[in-house]
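K.L.:
There are 2 protein chains.
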Amino acid sequence: MNIGIIGLGLIGGSISLKLRKSNFGDKFIGTDYNEKNALIAVKLGFVDEIRPLKDLIVQSSVIILSIPVDGIEKLLPNILNTIRKDTVILDTGSTKYTICKSVYSHPKRSRFVATHPIAGIENSGPLSANSDLFYKKNCILCDSELSDTDAIYITEKIYSILEMRMIYITSKEHDLYISYGSHLPHIISFSLASTVKKFKNKKKVLNHMMGSGWGSTTRLAKSKPETWVPIFISNINNLIKAIDVYIDQLRIFKKYLKNKEFHHIDQYIKKANDIIKDQKYV
Amino acid sequence: MNIGIIGLGLIGGSISLKLRKSNFGDKFIGTDYNEKNALIAVKLGFVDEIRPLKDLIVQSSVIILSIPVDGIEKLLPNILNTIRKDTVILDTGSTKYTICKSVYSHPKRSRFVATHPIAGIENSGPLSANSDLFYKKNCILCDSELSDTDAIYITEKIYSILEMRMIYITSKEHDLYISYGSHLPHIISFSLASTVKKFKNKKKVLNHMMGSGWGSTTRLAKSKPETWVPIFISNINNLIKAIDVYIDQLRIFKKYLKNKEFHHIDQYIKKANDIIKDQKYV
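Here's what the structure looks like:
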């Protein structure tokens with residue numbers, strides 16, 4: 001069974017490394033629009049060979065589409081047009097609704113499985129890949145009733161090799177919850193970093209004042225626009241609402257400060273402590 | 283030389299452990315308004331004995347005041363009233379301006395050194411203390427011209443044992459910069475956690491969607507109100523302005539989304555990447 005990996009960055013590379021380590025699949029074929037990354041991918045052993053996209057599509061029994069979400073939306077219908085009828089194709093995009101919508105009426109829709117392995121980090125590219133990236137993290141599989149049983153089976157097999165836990169929800173639910181769980185935190189982090197622009201003449205002293213709290217709250221601000229602008233576009237309506245909900249929360253906090261209603265701030269913090277305390281994210 | 287530690291939590295405990303490990307000082311005397319914490323502190327070897335505050339004050343050559351900032355503001359003038367004339371007292375509070383203001387005209391002001399070792403974490407209490415907490419982090423020393431040379435010398439000696447780097451600025455500058463570097467990130471984190479209150483019936487599935495990005499951006503939301511409400515009160519004016527600056531940044535981002543000005547979002551992210559890239563926080 002040949003495995004085709006489209007996009008040989010952090011996610012595609014990490015999947016390949018783990019699958020090959022586990023002796024899943026025979027030949028691994030890769031493609032990447034960035035030629036340098038393709039070369040690195042071969043050197044790092046992600047794939048046996050680099051092939052043009054159209055060759056990869058016909059030669060692979062399983063295709064893993066791990067490129068930015070705008071690329072997935074564009075490529076997926078074309079790939080479905082040309083795959084063999086028994087090929088399984090799965091994507092790893094961070095949004096799911098517009099991707100699923102783009103192939104909803106496609107005659108070969110059932111060969112596609114929409115997934116989101118929640119494992120991204122602030123670094124990207126093949127050099128950040130590692131075979132343990134997914135260990136004990138969650139993978140969301142969306143609209144499973146629209147995929148063939150054998151396609152779901154292969155997909156679950158792959159993610160079980162990656163040691164991920166599967167969660168099954170609709171693509172619509174996915175995009176709503178992930179707008180709070182991942183996309184909003186990125187906007188928060190970019191925006192926090194942006195607040196200190198005005199101190200650019202005081203950069204040195206300011207850097208000395210940044211503790212681990214600043215570090216963790218701005219960690220995501222290292223993330224690249226190539227990945228994130230398409231995600232924001234793809235989840236735009238949920239995100240605009242999430243930003244509004246968040247600004248409302250900040251305004252409530254600010255109002256308590258302005259009115260010196262400090263007992264309310266005490267309660268606000270206790271509720272936040274309570275929301276966080278049961279959460280186990282990896 | 284007896285060392286008196288007022289407040290035997292994360293900061294006071296970690297300082298004691300490191301100083302004792304390095305054989306600095308003779309007897310360590312401690313006090314804590316929480317009797318259980320005082321007991322734990324003795325068992326963990328922070329101090330040789332627990333004494334009432336007034337005994338500690340007269341028996342110590344160096345007093346380290348590591349309690350919430352509202353406690354420091356209240357206690358510090360009284361402690362200065364009763365210390366011997368050669369005693370050094372330093373505080374470790376996360377705000378500096380109101381603390382310095384509370385003793386500005388005190389006849390013994392010069393025995394006090396205002397410091398902020400930037401090393402706090404989301405956990406608190408004596409059980410979180412460890413002797414390496416301060417390693418290679420920054421310590422801000424404020425308004426140094428108002429302290430006696432020997433008091434500064436002892437303080438610098440203590441922080442050099444903790445292996446901290448010293449930064450010298452005014453208490454006013456400290457509170458401005460720290461409002462962005464630490465206090466605003468805490469408000470951001472409490473507010474982000476609060477956004478998902480509305481999903482309380484979907485808690486289980488939502489928790490599965492929270493990746494490491496949510497984890498790092500809400501890490502500070504575990505912080506306790508006992509520590510943070512007094513800090514927010516003590517730095518209220520800077521914080522209200524910082525929240526405004528931050529909400530403006532979020533609004534700019536949201537406007538770009540609403541108007542589909544995605545090239546501006548690309549630029550916004552690149553600028554944030556750039557601001558973060560040189561920062562080394564520990």
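Chains A and B are the protein sequences, given in the same order.
In this text, residue positions in the first sequence follow my numbering: the first is 1, and each later residue adds one.
In this text, residue positions in the second sequence follow my numbering: the first is 283, and each later residue adds one.
Virtual Cβ for every residue (Gly too), placed ideally from N, Cα, C.
1. Under 7 Å between beta-carbons, which chain B residues line up against Ser191 (chain A)? List them in chain order, please.
2. Chain A partners of Asn555 (chain B), CB-CB under 9 Å?
3. Can you name the residues of chain B whose CB is closer than 7 Å to the CB of Phe232 (chain A)?
4. Kindly indicate which residue of B:Ala323, B:Tyr538 and B:Ala433 has the alpha-carbon position closest to the one of Lys390 (chain B).
5. Would you give the residue range spanned by the alpha helix (DSSP H) that Arg251 (chain A) belongs to?
6. Do you know whose CA, among A:Tyr97, A:Ser124, A:Tyr33 and A:His264, lies nearest Phe472 (chain B)'s CA?
7. Strictly below 8 Å CB to CB, what residues from chain B border Ala242 (chain A)?
8. Kindly indicate if chain A contains any beta-carbon less than 9 Å away from that of Lys265 (chain B).
9. So, is Ser442 (chain B) buried or exposed, given that buried needs 16 or more other C-beta atoms within 10 angstroms?
10. Could you say which of B:Ser296, B:Arg302 and B:Ile311 lies nearest to Ser342 (chain B) if we only look at CA atoms?
11. Taking all protein chains shown into account, decide if Met1 (chain A) is buried (16 or more other Cβ within 10 angstroms of its Cβ) or exposed.
12. Would a check of beta-carbon distances place Lys96 (chain A) closer than 9 Å to chain B?
13. Inspect the beta-carbon positions of Leu428 (chain B) and Ser376 (chain B) and report whether they are closer than 9 Å.
14. Measuring alpha carbon to alpha carbon, tell me which of A:Glu122, A:His174 and A:Val88 ends up nearest Gly9 (chain A).
15. Give the DSSP bridge partners of Ala554 (chain B), in chain order.
16. Taking Cβ positions, are Gln249 (chain A) and Thr477 (chain B) nearer each other than 9 Å?
17. Output yes if chain A places a C-beta closer than 9 Å to the C-beta of Asn420 (chain B); else output no.
18. Using 10 angstroms around the beta-carbon of Asp143 (chain A), count the other beta-carbons present and answer buried if the total reaches 16, otherwise exposed.
19. Can you tell me whether Asn489 (chain B) is helix, strand or coil according to DSSP?
20. Tell whether a beta-carbon distance below 9 Å holds between Ser298 (chain B) and Ile288 (chain B).
21. For Asn130 (chain A), which residues of its own chain have a beta-carbon under 8 Å away from its beta-carbon, when the five flanking residues on both sides are left out?
22. Which of helix, strand or coil does DSSP assign to Asn138 (chain A)?
23. By the criterion of Cβ-Cβ separation under 8 Å, what are the contact partners of Ile293 (chain B) in chain A?
24. Check whether the Cβ atoms of Ile513 (chain B) and Leu257 (chain A) sit closer than 9 Å, and answer yes or no.
25. Skipping 5 residues on each side, what residues in its chain have a beta carbon closer than 7 Å to that of Asn517 (chain B)?
26. Among B:Pro467, B:Phe481 and B:Lys482, which one has its Cα closest to the Cα of Ala193 (chain A)?
27. Near Lys506 (chain B), which residues of its chain fall below 8 Å by C-beta distance, leaving aside the five closest residues on each side in sequence?
28. Can you give the Cα-Cα distance for His106 (chain A) and Asn238 (chain A), rounded to whole angstroms?
29. Roughly how many whole angstroms lie between the Cα atoms of Tyr168 (chain A) and Lys54 (chain A)?
30. With DSSP as the reference, label Val564 (chain B) as helix, strand or coil.
31. Please give the ranges of any alpha helix (DSSP H) in the segment 61-107 of chain A, keeping only runs that are unbroken, at least 4 residues long and fully inside the region.
32. Is any beta-carbon of chain B found at less than 9 Å from that of Val282 (chain A)?
33. Classify Tyr268 (chain A) as buried or exposed, calling it buried when 16 or more other Cβ atoms lie within 10 Å of its own Cβ.
34. Classify Leu133 (chain A) as buried or exposed, calling it buried when 16 or more other Cβ atoms lie within 10 Å of its own Cβ.
35. Quick check for students: name the residue ranges of the beta strand (DSSP E) that lie wholly in the segment 433-490 of chain B, counting only runs of 3 or more.
36. Under 8 Å Cβ-Cβ, which residues of chain B neighbour Leu206 (chain A)?
P.N.:
According to the structure data:
1. Tyr528, Gln531, Leu532 and Phe535
2. Phe190, Ala193, Ala221, Lys222, Ser223, Lys224 and Pro225
3. Leu539 and Ile547
4. B:Ala433
5. Ile236 to Lys258
6. A:His264
7. Thr477
8. In the structure displayed, chain B extends from 283 to 564; residue 265 (chain B) sits before or after that span and is not available.
9. Counting C-beta atoms within 10 angstroms of its own C-beta, Ser442 (chain B) has fewer than 16 neighbours from the protein chains shown and is therefore classed as exposed.
10. B:Ile311
11. exposed
12. no
13. no
14. A:Glu122
15. Note: Ala554 (chain B) sits in no beta bridge, so no partner.
16. Result yes, Cβ atoms of Gln249 (chain A) and Thr477 (chain B) sit closer than 9 Å.
17. yes
18. When all chains shown are included, Asp143 (chain A) counts as buried.
19. helix
20. For Ser298 (chain B) and Ile288 (chain B), no; Cβs fall outside 9 Å.
21. Ser14 and Leu17
22. strand
23. Result: empty, since nearest Cβ-Cβ is about 13 Å, beyond 8 Å.
24. With respect to the 9 Å criterion, Ile513 (chain B) and Leu257 (chain A) are not classified as neighbours on the basis of their beta carbons.
25. Here the set comprises Thr377, Asp457, Ser461 and His465.
26. Residue nearest to Ala193 (chain A) within the set B:Pro467, B:Phe481 and B:Lys482 is B:Pro467 (criterion: CA-CA distance).
27. Excluding sequence positions up to five before and after Lys506 (chain B), its CB lies within less than 8 Å of the CB of Ser406, all in the same chain and listed in chain order.
28. 26 Å
29. 31 Å
30. With a pLDDT of 43 at Val564 (chain B), under the threshold of 50, the predicted position of this residue should be treated as unreliable, though the coordinate-derived value follows. If DSSP states are grouped into helix, strand and coil, Val564 (chain B) belongs with coil.
31. Whole alpha helix (DSSP H) segments, 4+ residues: 69-82 and 97-102.
32. Bear in mind that a pLDDT of 43 at Val282 (chain A), under 50, signals an unreliable position, so the number given afterwards is only what the model happens to contain. Proximity of Val282 (chain A) to chain B, defined by a Cβ-Cβ separation below 9 Å, is satisfied.
33. buried
34. buried
35. If we require 3 residues or more, the beta strand (DSSP E) runs fully inside the segment 433-490 of chain B come out as 447-451.
36. Those are Tyr459, Tyr462 and Gly463, listed as they occur along chain B.
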